[in-house]
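Chains A and B are the protein sequences, given in the same order.
Residues 11 to 247 in my numbering are what the first sequence lists, from first letter to last.
Residues 11 to 247 in my numbering are what the second sequence lists, from first letter to last.
Number of protein chains: 2
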Amino acid sequence: MSRLEIVGVEGIGEIHPGDDLAGLIATAAQAQPFGLQDRDVLVVTQKIVSKAEDRLVRIDPDDPRGHQPVVDAETVRVLRRRGDLVITETTHGFVCANAGVDLSNVDQGWAALLPVDSDRSARRIRDGIRARAGVEVAVIVSDTFGRTWRRGLTDVAIGCAGIGAVVDLKGTTDDRGRELQVTEVAVVDELASAAELVMGKASGIPVAIVRGVDPAWLRTGNVREEIVRAPHEDLFR
Amino acid sequence: MSRLEIVGVEGIGEIHPGDDLAGLIATAAQAQPFGLQDRDVLVVTQKIVSKAEDRLVRIDPDDPRGHQPVVDAETVRVLRRRGDLVITETTHGFVCANAGVDLSNVDQGWAALLPVDSDRSARRIRDGIRARAGVEVAVIVSDTFGRTWRRGLTDVAIGCAGIGAVVDLKGTTDDRGRELQVTEVAVVDELASAAELVMGKASGIPVAIVRGVDPAWLRTGNVREEIVRAPHEDLFR
């Protein structure tokens, strides 16, 4: 039977710059009845990664532009602007609102930036959990992005380690024995979305464990190279 | 503990025009050890809905344009074209490749179109399962779409019933007691993505059960009104 289980990890608490995030996650995950096992996928929200990595910046209280200068510094290209909403391409290559700069769940007067390199952040958490708990997991760092064409936000992966970002099913056959045309599935984005369903926005659950993913997906992976589309490849830039 | 379980429903078999899809799904789901319960969310792939609703059309073998005339008939606007790839706005308002017309898992010489009204299809399956199995479930009809900015495909909802498409968390507070800014989460898209992880493309599992979703989401819902963004609201059309 093909079956996945997704469990929110509680009890991680407030994260501060310099905290040993891998250690805190491993301890909280292992303290739960669900435990933590080899081949689990851990989905970790960007906010606690940014806090642990000290990606917090002060907003100048005397600047009438508010946090806009912070957004500008993280932006390489503005794609669209409507009122307060700015759709940006970030220094990482992500296209999202306000360059991923976020004011929620941080102290008043501060903003949280995206990690410098979320794939590296994911690798560091994965390595730390292996070292501290002796468990071989995959890690996805997730964030909440809007989309073109569709209303509502969904969580996507901004970094991963120990799992392929895109699983290429090209060359496999459909149930007529015919070759399938395009089936490159962004499994890390689907896993980030799945995890969001148990995390919510204000529930204080920043990590989820997904158990039961296809072991064939658990290889070296990288959001930046596998998922981020170069501007010249994109039909809408 | 916040926990979701996702299970693929096997044994549904080949679907033909006129089949009682709700009955076939209910029988297969109830035959499994996981069973089918009130408040489960059933994710049903578009392909079997289109087949049951006889949305299959012949491709004229003498037409050198192949299935392009079929795509044209489903298209209200072409957004971009590169080689064989056409990004279209469909008659339903979806933006996707080739107007959702699909040649995989259908007989040679035929194409499958999207359901005429996937929200209505979802309602019909939901009502049918209530009538046949006495179980009150939510239903999502899913399809596999590409995205701007990001490589790889993900599954999204093209119709739903018995569940809100977008859950509005505006007005709830973050862990600082401050009001969250934008947290309208497209939970049906996240559920469609989550379900895809147990279905795969060539595995012959066209339905998944998701158990454990927040009961507050189980209300009247509609992809067309809640998720499809009108062209004039969209920053990229």
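Glycine residues also receive a C-beta, built at the ideal position from the N, C-alpha and C atoms.
Considering only the alpha carbon of each residue, which of A:Leu-113, A:Phe-104, A:Ala-218, A:Trp-227 lies closest to Thr-85 (chain A)?
A:Phe-104
Step through the CB atoms of chain B and report whether any lies within less than 8 Å of the CB of Trp-159 (chain A).
yes
Step through the CB atoms of chain A and report whether any lies within less than 8 Å of the CB of Val-105 (chain B).
yes
Apart from the five residues on each side of it in sequence, which residues of its chain come closer than 8 Å, Cβ to Cβ, to Val-81 (chain B)?
Val-96, Thr-98, Asn-108, Ala-109, Val-111
Are the beta-carbon atoms of Val-208 (chain B) and Ile-16 (chain B) separated by less than 8 Å?
yes
Verify the CB distance criterion: does Asp-199 (chain A) have a CB-CB separation below 8 Å to chain B?
yes
Just how far apart, CA to CA, sit Val-59 (chain A) and Glu-235 (chain A)?
20 Å
How many whole angstroms separate the CB atoms of Val-233 (chain B) and Gly-169 (chain B), which I take to be in contact at a CB cut-off of 8 Å?
5 Å
Between Asp-50 (chain B) and the rest of its own chain, which residues show a CB-CB distance below 6 Å, the 5 nearest in sequence each way excluded?
Val-147, Ile-219, Arg-221
Less than 8 Å between C-beta atoms, sequence neighbours within five positions excluded: which residues of the same chain meet that for Ala-72 (chain A)?
As written in the sequence, residue 72 (chain A) is Asp, which differs from the Ala given in the question. No residues qualify anywhere along the chain.
With 8 Å set as the bound, which would you pick, yes or no: does the beta-carbon of Ala-62 (chain A) sit closer than that to a beta-carbon of chain B?
No, Ala-62 (chain A) does not count as interfacial toward chain B.
Using only alpha-carbon positions, find the residue among B:Ser-12, B:Glu-206, B:Thr-37 that is nearest to Gly-23 (chain B).
B:Thr-37
For the alpha helix (DSSP H) that Asp-48 (chain A) lies in, which residues bound it at each end?
Boundaries for Asp-48 (chain A): no alpha helix (DSSP H) harbours it, and the DSSP string shows neither H nor E there.
Taking only beta-carbon atoms, is Asp-244 (chain A) less than 8 Å away from chain B?
Interface residue, yes.
Could you pull the start and end residues of the beta strand (DSSP E) that Asp-165 (chain A) belongs to?
164 to 171
Can you tell me where the alpha helix (DSSP H) holding Gly-18 (chain A) begins and where it ends?
Gly-18 (chain A) -> not in any alpha helix (DSSP H); beta strand (DSSP E) instead, spanning 13 to 19.
Indicate whether at least one CB of chain B lies closer than 8 Å to the CB of Ala-83 (chain A).
no
With DSSP as the reference, identify every bridge partner of Leu-66 (chain A), one or two as the case may be.
A:Ala-122
Note down, in chain order, every chain A residue with its Cβ under 9 Å from the Cβ of Arg-140 (chain B).
Those do not exist, as Arg-140 (chain B) stays about 24 Å from chain A at its closest Cβ, beyond 9 Å.
Which same chain residues end up closer than 6 Å to Gly-181 (chain B) when comparing Cβ atoms and leaving out the 5 residues on each side of it in sequence?
Unreliable positioning characterises Gly-181 (chain B) in this predicted model, as indicated by a pLDDT of 49, which lies under 50. A coordinate reading is not provided.
Can a CB atom of chain A be found closer than 8 Å to the CB of Glu-15 (chain B)?
yes
Using the beta-carbon of each residue, which ones in chain A are nearer than 9 Å to Arg-288 (chain B)?
Only positions 11 to 247 of chain B appear in the structure, and residue 288 (chain B) is not among them; the question remains open.
Note down, in chain order, every chain A residue with its Cβ under 8 Å from the Cβ of Thr-164 (chain B).
Val-195, Ala-196, Asp-199, Glu-200, Ser-203
On a Cα-Cα basis, can you pick out the residue from B:Gly-18, B:His-77, B:Ile-69, B:His-26 that is closest to Glu-206 (chain B)?
Comparing Cα-Cα distances from Glu-206 (chain B) to each of B:Gly-18, B:His-77, B:Ile-69, B:His-26, the minimum goes to B:Gly-18.
With Arg-221 (chain B) as the anchor, note down where its beta strand (DSSP E) starts and where it stops.
217 to 221
For Ile-150 (chain B), which of B:Ile-215, B:Ser-203, B:Thr-101, B:Ala-143 has the nearest alpha-carbon?
B:Ser-203
For Ala-141 (chain A), which of helix, strand or coil comes out of DSSP?
helix
Is the beta carbon of Leu-113 (chain B) sitting closer than 8 Å to the one on Glu-194 (chain A)?
no
Rounded to whole angstroms, what is the Cα-Cα separation between Ala-39 (chain B) and Ala-240 (chain A)?
43 Å
Have a look at Thr-230 (chain A) and Gly-174 (chain A) and give me their C-alpha separation to the nearest angstrom.
6 Å
CB Leu-66 (chain B) to CB Thr-100 (chain B), shorter than 8 Å?
No; because the gap between Cβ atoms is not below 8 Å, this pair is not in contact.
Can you tell me which of A:Leu-31, A:Arg-133, A:Val-217 puts its alpha carbon nearest to the alpha carbon of Thr-12 (chain B)?
In the sequence as displayed, the identity of residue 12 (chain B) is Ser instead of Thr. That would be A:Val-217, whose Cα lies nearest to the Cα of Ser-12 (chain B).
Could you tell me which chain A residues have their CB closer than 7 Å to the CB of Gly-33 (chain B), listed as they occur along the chain?
The premise fails here: Gly-33 (chain B) is roughly 21 Å from chain A at the closest Cβ pair, so nothing lies under 7 Å.
Would you tell me roughly how many angstroms separate the C-alpha atoms of Arg-133 (chain B) and Asp-29 (chain B), rounded to the nearest one?
The alpha-carbon atoms of Arg-133 (chain B) and Asp-29 (chain B) are separated by roughly 16 Å.
Would the beta-carbon of Lys-57 (chain A) fall within 8 Å of that of Ala-122 (chain A)?
Taking 8 Å as the Cβ cut-off, Lys-57 (chain A) and Ala-122 (chain A) qualify as a contacting pair.
When you compare each of B:Ile-25, B:Pro-43, B:Arg-75 to Asp-64 (chain B) by their alpha carbons, which one comes out closest?
B:Ile-25
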